[in-house]
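Numbering (the numbering used here), first residue to last: 50 to 374. No residue lacks a Cβ here, since even glycine has one placed at the ideal position from N, Cα and C. Computed from a prediction, not measured in an experiment: that's the story for all the values here.
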């Protein structure tokens, strides 16, 4: 299959859309742009909700409950397809394990744990390094080759993340006084990068919706042991109104809405370009954190955001990413 690329600074280019008229190509470009801008907003809502749910549910219980409810919501829409695949070769179902572990468990549980130590804005800024991780993993898998503008843009973004993590303090940088929440967010970002690369092609012959159900169900099961440990140590959490509403929001908006949007974006523009949309999450998260949670915006946040914006602009420069082969 021909590889696809999309240049958001100019006309859409797709080596896999040969023969289609300009209207069809323009429609694909518009959809890709809307998804590029919209998916990170939905993911930012996830980080905001994780901060709001502090003290309501433990992090791994919250993550497991989110995915369990998402799987239940999706089941009526995919049960016919899943039933039809029930006799599929075991290898097909094993192909769902990696996306479920990376995208369902490891990219969510540590992220919710990180919310107990650091702000939603900082988590988002750490997640902004996802495009670098995606590009590196994709390159190892024989995918996109990065040009100098893309590498320079990623360098700027990493500088922005470091500025936020060390709160703009040279003394903290030299002493390497890093917030443990930022380290947990970094682990989650690495897992998310792996998920992005792992889902660049259809898995197990399933539709995108069925794949998402597999991620949700697998994520809930993978996170269940950690949630059980939380219950043993902290006691069984109460089923408050706030807990129910929070889990419902996380199941519908970040779990289903964001993952479907991001999966569609990967299909349109490929994992490397889709990964650069993560650069926009910090901007949304910082704004929402300030407006909804009253999180303080320091000058180092603004400097970090400027570096991230500059990084995404530079990385999207025409010709920043080249397709190998």
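Asked	Found
Nearest neighbour of residue 104, chosen from 356, 301, 295, 263 [CA to CA]	295
Check whether residue 276 and residue 109 have beta carbons under 8 Å apart	yes
Residue range of the unbroken alpha helix (DSSP H) whose run includes residue 113	108 to 133
Minimum length 4: unbroken alpha helix (DSSP H) runs contained in the segment 315 to 369	320 to 325, 330 to 337, 348 to 364
Limits of the unbroken alpha helix (DSSP H) element including residue 271	257 to 283
Backbone CA spacing between residue 358 and residue 338 [nearest angstrom]	18 Å
DSSP three-state assignment for residue 286, whether helix, strand or coil	coil
The segment 279 to 293 touching the segment 169 to 182, judged by at least three CB pairs closer than 8 Å	no
8 Å contact criterion, which residue 153 and residue 235 should meet: CB distance rounded	The pair is not a contact, with the Cβ atoms about 19 Å apart (cut-off 8 Å).
Option in 121, 352, 148 with minimal Cα separation from residue 209	352
Neighbourhood of residue 205 by C-beta, 6 Å cutoff - its chain only, sequence neighbours within 5 removed	356, 359, 360
Three-state secondary structure (DSSP) of residue 85	helix
Exposure label - residue 354; buried when at least 16 CB within 10 Å	buried
Proximity to residue 147 [Cα-Cα], best of 244, 227, 118	244
Environment of residue 132 [buried if 16+ CB atoms lie within 10 Å]	exposed
The segment 72 to 87 in contact with the segment 110 to 119 per 3-pair CB rule at 8 Å	no
DSSP-derived helix/strand/coil call for residue 424	Any property of residue 424 remains undetermined from this structure, which presents the chain solely from 50 to 374.
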